[in-house]
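Enquirer: Please see the structure below; I have some questions.
2 protein chains.
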Amino acid sequence: MPVNYATPAADQLFPVAGVRLGVAEAEIRKKNRRDLTLVALDAGCTVAGVFTQNRFCAAPVQICRKHLAGGKEIRALVVNTGIANAGTGEPGRQAAQETCEAVGALLGVSAEQVLPFSTGVILELLPVERIKAGLPAVFADLKADNWHAAAHGIMTTDTIAKAASRIVTVNGKKVTISGVSKGAGMIKPNMATMLGFLATDAGIAQPLLDKLVKEAADASFNCITVDGDTSTNDSYVMIATGQSGASFAAESDAGWAEVKAAIIAVSVELAQAIVRDGEGATKFITVAVEGGKDIEECRKVGYAIGHSPLVKTAFFASDPNLGRILAAVGYAGITDLDVDGVKVWLDDVLVAEKGGRAAAYREEDGARIMAQAEITVRVDLGRGAAQANVYTCDFSYDYVKINADYRS
Amino acid sequence: MPVNYATPAADQLFPVAGVRLGVAEAEIRKKNRRDLTLVALDAGCTVAGVFTQNRFCAAPVQICRKHLAGGKEIRALVVNTGIANAGTGEPGRQAAQETCEAVGALLGVSAEQVLPFSTGVILELLPVERIKAGLPAVFADLKADNWHAAAHGIMTTDTIAKAASRIVTVNGKKVTISGVSKGAGMIKPNMATMLGFLATDAGIAQPLLDKLVKEAADASFNCITVDGDTSTNDSYVMIATGQSGASFAAESDAGWAEVKAAIIAVSVELAQAIVRDGEGATKFITVAVEGGKDIEECRKVGYAIGHSPLVKTAFFASDPNLGRILAAVGYAGITDLDVDGVKVWLDDVLVAEKGGRAAAYREEDGARIMAQAEITVRVDLGRGAAQANVYTCDFSYDYVKINADYRS
C-alpha cells in the first residue's frame, strides 16, 4: 500500500496541446497487460532528458542520448515494459534501433526523431517483433486526454499508477503541465526501474529546457532513495510543445519563474510518488538538511540518513532512535563538521543539539512523531546557508520479502 | 547463528608476554554480565591505533587519540560494555578521563598512560562510580592466559565471542600474536560497536607499528560491511611488547614480512568474525575485485556490491540475480568504466562478460553456488592490476527484526 498516495482521476490529468498518447497490450512478456505506450509530438516541440549515471546503462538509454545529441526534432517517445533491454550488448542496441525505425515508419518521421524507453527484467533480449506487431494498436489509441492510461501503461511492479498535473496562468495565458512516472525501488528486484515523462504546452527554448530538466531532476528524482541502488534505465524526459502561446527563452523572461516552479512541483510530486510506493514502504520520510556550506554537503547528510538501513528500520519500528540519526550525520563525510553545532528535529521536536540529546527532549515526544505515516527529519548543520531535501521511506519486513521472494 | 565461526578454545588463545588481562562484573548497565575488562601492559611496549572517522566520535575515542598523540608510554587499556559514552559531550569526556585516572591510580601510572574504550548504548552517560567500584576485581583477575575471558568481557549483543591467535617463528624466535574483537553490525541498533585489540610479543618500533596498524585495518576491519553504518566508537588497537626478543624497526628487517603477514592474518580473522556474526547473517560473502586501476576503485566496486540491499537480499534468497550485481558494478562510481570489459564470477562460474550474461552460463550453476554458506563474487574490471576484497553478509528478515524490535 502506498503511503498517502492515490493516482489522480483521469479528468484531473490535463491534456497538453501538441501531445497525444496511446497505450496497448503487446504481450511483450505477459498477456493481458498494457505494456506498450507511444507518445506522439506535434512538430515544433523542444525535448530534453537526464539519464542514469550507471555505467551498465541500458541500450535504449544509449540510443536516447544519441538521438537527443543528434539535434533532429524529436517527434515520438516509445515505452515498453516487461523487458528492460539492459545488459544486452550490441544486440540490445540493434533492438532499440529497430523499435525507433518501426515507430518512425508509422508516424512518417525518421528513426532519429524517436526516443525509446524500456523497463522490466534485465539481461533479456527485447522481442522487437512483438513491439512492431503492437504498434498499430497504440497508434490507433493516440489521443490527447490519455495521460491516465499512459500512467498505467508504463507500470511494472508498481502497486499504483503515478501521475501529476497542474495549470498555471502566466502573462494571461493558461499553461498546462502533465507528467507520469514509474518505479518502486531504485531497481526493482532484477528490474530496471525509474522512468518519468513530463510535458507542457509552454514553449521553452532548448538551452533553457536543457537547464530546467537538470534542475528539476536534482530537486525531484535525484532526491529520492528507496534502497540506494541506481538503475540501468533511469530516465526523465521533458517536452515543451509551445502550443499554449506562452514561450520562454531566458530565466529573466516574465512568467518563467511561475512556470518553472510549477514544472518542478510536478516533478517533485512524480518523484515522491515513487517513494510513497517504495518496496515495503509504510512511511514517507523527508530529510530536510539546512545550514550547510553548500548543497552538496547537505545532500551527503540527507543521503547518509536516507540510506542507512538502521535509520530506516527504526522508522519502520516507530522507534525514535536518535543515536542512529546522529551517527549517520557523523559519517556522512563532512570531515570538518563540528558536531556540537548540529541540531536535529523530528518534525517540530528538537531532539539533539550540542553533541547529544537535547536537554528538553522527552522520549514520548519522539515516539509520537515516529508513529506518524509522514515524518520530517530536520537537520541544521550550523555552518552555512545551503539547504537540500532527500525523500525516502522506511525499511520493513516486506522490503526483504519482496526482494528475496521475487523472481518473475 | 554465526556463519562458519566458533570461538577458539581458551588453550588455543596464546598468552602474549608482557600483557595481562582481567575481567569482572561491574553492573554498568545490567547485572550478571562481565562488562569491565582491563589490559595491563608491562613497561617497554609500543601501542598504535586507528579509530572511527565518524564526526560524532565517542568521548573515549577522543581521549585515546589524545593519549596516543601525547607520546607517554601506554600501560593499560580499559574497556567497558553497556554504555558507549557517545553523544555525551563534555560530561562524557570528563567520565572517560576519570576512568583513566582511576586505572592509573590502581596501576601506579598516570592517566595519560591509559586508553579507555566503551561500547554499548549511546546518548547515555557513563556511570563512572560503577567502573571505579569494579576496578579492584578486574585488577585481581589480571593474568596472561585470559584472552578467552577478555573476548567474552567485551561482547555486547554479539552472539559469539571473537578471538584469534597464532605463533610464528622468525629469526629463531617464537613470536605470538593474539587478538579479540567485538561487533555484529557497523552499529548495533543504538549501540556503538566495533572494537578490536591485538597484541604481539614482537618488538615493533613506533613508526613501523603506526604504519602496520593502518595497513592491517585497511586489509581487515576497513574491508567489512554488515549494513554500511560506521559507528561512533570503532577502534582497533595494536600492542607490541617486545618480550619475545624478536624486534623490528624497518620494513626491510629480516623476518618482518612473516610477522607482518601473521598480524594481518589475525586481523582479517578478527574482522571476518564480525561479519560472520553479522545481524541476521546466514551467508558469508567475499567480494574480490581485481583488474582495477587502483585499490580505491576496486574498493568502490566491492562496497557497491557489499552494501546493496538488493544484492544482499538476493544472497539471502539464494537467487543468482546477476542483474543486481552488474548494476552495482555500474553505479559504483567509476565514470570511465568500459562495461564490455568487465567479467563476473560466482566462485569459479563465469556469469557475466561483454556487457551481459556469459554465453555458457547456466542458471543452475549460479543457483548451486548461491545455495552455499560461503560465496565469493569475483569481479575483473579489466583495466589494471589492482585488487581489493570486501567481506559482507546477506540481508535477511532477521536483520530487520533485530533492528526494528531492539530497544533494550
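Going down the list, the protein sequences come from chains A and B.
Each residue of the first sequence is one higher than the one before, counting from 5 in this note's numbering.
Each residue of the second sequence is one higher than the one before, counting from 5 in this note's numbering.
All C-beta atoms in this analysis are idealised placements derived from N, C-alpha and C, irrespective of residue type, glycine included.
Taking the Cβ atom as the reference point for each residue, do A/T286 and A/S169 lie within a distance shorter than 8 Å?
Expert: Indexing the first sequence from 1 puts residue 286 of chain A at position 282. Indexing the first sequence from 1 puts residue 169 of chain A at position 165. Against a cut-off of 8 Å, the Cβ pair of A/S169 and A/T286 comes out as no contact.
Enquirer: Compile a chain-ordered list of the residues in the region 121–142 of chain B whose CB is closer than 8 Å to at least one CB of chain A.
Expert: Of all residues in the region 121–142 of chain B, V125, I126 and L127 have a Cβ within less than 8 Å of some Cβ in chain A.
Enquirer: Got a sec? Which residues, its chain only, sit under 7 Å from B/V65 by beta carbon, not counting five neighbours each side?
Expert: Taking the first residue of the second sequence as 1, we reach residue 65 of chain B at position 61. F55, T56, N237 and S239, listed in sequence order.
Enquirer: What residue from B/L81, B/E357, B/T92 and B/D352 has the CA that sits closest to B/G345's CA?
Expert: Sequence index remark: in the second sequence, residue 345 of chain B carries index 341 (1-based). Looking at the Cα atoms, B/E357 is the closest of the given residues.
Enquirer: Assess contact between the region 244–251 of chain B and the region 11–30 of chain B, defined as three or more Cβ pairs (one per stretch) separated by less than 8 Å. Is contact present?
Expert: Touching, yes.
Enquirer: Can you give me the Cβ contacts of A/P120 inside the same chain, cut-off strictly under 6 Å, excluding the 5 residues immediately before and after it?
Expert: The residue you call residue 120 of chain A lines up with position 116 of the first sequence. Taken in chain order, the residues that qualify are P64, I67, V82, A100, T103 and C104.
Enquirer: What residues match up with A/C397 in a beta bridge as DSSP calls it?
Expert: The residue you call residue 397 of chain A lines up with position 393 of the first sequence. A/C397 is bridged to A/F288.
Enquirer: Can you name the start and end residues of the alpha helix (DSSP H) that A/F320 belongs to?
Expert: Here the question's residue 320 of chain A lines up with position 316 in the first sequence. A/F320 -> alpha helix (DSSP H) spans P313 to F320.
Enquirer: Since A/D233 meets chain B, which of its residues come closer than 8 Å, beta carbon to beta carbon?
Expert: To locate residue 233 of chain A, count along the first sequence from 1; it is residue 229. The answer, in chain order, is S312, P313, L314, R328, A331, A332 and Y335.
Enquirer: How long is the line joining the alpha carbons of A/A336 and B/K304, rounded to whole angstroms?
Expert: Counting from one through the first sequence, the residue named residue 336 of chain A turns up at place 332. Counting from one through the second sequence, the residue named residue 304 of chain B turns up at place 300. Cα-Cα distance, rounded: 16 Å.
Enquirer: Give me whichever residues DSSP pairs with B/F201 in a beta bridge.
Expert: Here residue 201 of chain B refers to the residue found at position 197 when the second sequence is read from its first residue. Beta-bridge pairing links B/F201 to B/V184 and B/V241.
Enquirer: Mapping DSSP to helix, strand and coil, what is A/R361?
Expert: In the first sequence, counting from the first residue as 1, residue 361 of chain A sits at position 357. Strand.
Enquirer: Please state whether DSSP places A/S256 in a helix, a strand or coil.
Expert: Your numbering for residue 256 of chain A matches position 252 in the first sequence. A/S256: coil per DSSP, three-state reduction.
Enquirer: Would you please verify whether the beta carbon of A/Y401 is less than 8 Å from any beta carbon of chain B?
Expert: Counting from one through the first sequence, the residue named residue 401 of chain A turns up at place 397. Closer than 8 Å: yes.
Enquirer: Mind checking if B/F415 is an interface residue toward chain A, Cβ cutoff 8 Å exclusive?
Expert: Residue 415 of chain B is absent from the model: chain B starts at 5 and stops at 412.
Enquirer: Could you name the residues of chain A that B/T286 contacts, counting a contact when the two beta carbons are closer than 7 Å?
Expert: Start at 1 with the first residue of the second sequence, and residue 286 of chain B comes out as number 282. None at all; the shortest Cβ gap to chain A is about 11 Å.
Enquirer: Bridge partners for A/K347 per DSSP, in chain order?
Expert: What you label residue 347 of chain A is simply residue 343 of the first sequence in a count that begins at 1. Paired residue(s): A/D384.
Enquirer: Just to confirm before moving on: does the CB-CB distance between A/P313 and B/P313 stay below 8 Å?
Expert: Position 309 of the first sequence, counting from 1, holds the residue named residue 313 of chain A. Position 309 of the second sequence, counting from 1, holds the residue named residue 313 of chain B. Yes, Cβ-Cβ distance for A/P313 and B/P313 is below 8 Å.
Enquirer: Would you mind sorting B/T161 into buried or exposed? The rule is 16 or more other CB atoms within 10 Å of its CB.
Expert: Working through the second sequence from its first residue, we reach residue 161 of chain B at position 157. Flag for B/T161 reads buried.
Enquirer: Under three-state DSSP, which class holds A/K76?
Expert: Locating residue 76 of chain A in the first sequence gives position 72, counting from the first residue. Three-state result, A/K76: coil.
Enquirer: Ends of the alpha helix (DSSP H) at A/F55?
Expert: Numbered from its first residue, the first sequence carries residue 55 of chain A at position 51. Counting along the chain, A/F55 falls outside any alpha helix (DSSP H), though it belongs to the beta strand (DSSP E) covering T50 to F55.
Enquirer: Please classify B/S271: is it buried, with 16 or more other beta-carbons within 10 angstroms of its beta-carbon, or exposed?
Expert: Translated into positions along the second sequence, residue 271 of chain B becomes position 267. By the 10 Å Cβ count, B/S271 comes out buried.
Enquirer: From what residue to what residue does the beta strand (DSSP E) around B/I171 run?
Expert: By 1-based counting over the second sequence, the position of residue 171 of chain B is 167. Residues K166 to V174.
Enquirer: Excluding the 5 residues flanking B/R411 on each side, which residues of the same chain have their C-beta closer than 6 Å to its C-beta?
Expert: Within the second sequence, residue 411 of chain B is the residue found at index 407, counting from 1. Because the pLDDT of B/R411 is 45, which lies under 50, any placement of that residue in the model is unreliable, and the question is left without a value.
Enquirer: Distance cutoff 8 Å, beta carbons only. Does B/R38 sit that close to anything in chain A?
Expert: Locating residue 38 of chain B in the second sequence gives position 34, where the first residue counts as 1. No, because no Cβ of chain A sits closer than 8 Å to the Cβ of B/R38.
Enquirer: Are the C-beta of B/N226 and some C-beta of chain A separated by less than 8 Å?
Expert: On the second sequence, residue 226 of chain B is found 222 positions in, with the first residue counted as 1. By this cut-off, B/N226 is not an interface position.
Enquirer: Output, in chain order, the set of chain B residues within a Cβ distance shorter than 9 Å of A/Q2.
Expert: Since the first and last residues shown for chain A are 5 and 412, residue 2 of chain A lies out of range.
Enquirer: Is the Cβ of B/G75 closer than 8 Å to any Cβ of chain A?
Expert: Taking the second sequence and counting its residues from 1, the one referred to as residue 75 of chain B is at position 71. No, no contact with chain A.
Enquirer: Could you compute how far the alpha carbon of B/Q98 sits from the alpha carbon of B/A115?
Expert: For this step, residue 98 of chain B is matched to residue 94 along the second sequence. For this step, residue 115 of chain B is matched to residue 111 along the second sequence. Taking the straight line from one Cα to the other gives about 12 Å.
Enquirer: Count the other C-beta atoms from every protein chain shown that fall within 10 angstroms of the C-beta of B/S322, then say buried if there are 16 or more, exposed otherwise.
Expert: As a first step, residue 322 of chain B is located in the second sequence; it is residue number 318 there, counting from the start. The residue in question, B/S322, is buried, as its Cβ has 16 or more Cβ neighbours within 10 Å.
Enquirer: Check whether the Cβ of A/N461 lies closer than 8 Å to any Cβ atom in chain B.
Expert: Residue 461 of chain A lies beyond the stretch modelled for chain A, which goes from 5 to 412, so this question has no answer here.
Enquirer: Taking the alpha-carbon of A/M374 as reference, which of A/L341, A/G306 and A/I289 has the nearest alpha-carbon?
Expert: Numbered from 1 along the first sequence, position 370 holds the residue referred to as residue 374 of chain A. Answer by Cα proximity: A/I289.
Enquirer: Per DSSP, B/N84 is paired with what?
Expert: Position 80 of the second sequence, counting from 1, holds the residue named residue 84 of chain B. DSSP lists B/L40 and B/S122 as partners of B/N84.
Enquirer: Give the residues of chain A in contact with B/V404, contact being defined as C-beta atoms less than 8 Å apart.
Expert: Your numbering for residue 404 of chain B matches position 400 in the second sequence. Residues of chain A passing the Cβ test: T317, F320, F399, S400, Y401, Y403 and V404.
Enquirer: Please list, in chain order, the chain B residues whose beta carbon lies closer than 7 Å to that of A/V343.
Expert: Within the first sequence, residue 343 of chain A is the residue found at index 339, counting from 1. Going along chain B in sequence order, the residues near A/V343 (Cβ under 7 Å) are R59 and F60.
Enquirer: Name the DSSP bridge partner or partners of A/A28?
Expert: Here residue 28 of chain A is taken as the residue at index 24 of the first sequence, counted from 1. For A/A28, which the question treats as bridged, DSSP gives the partners A/L40.
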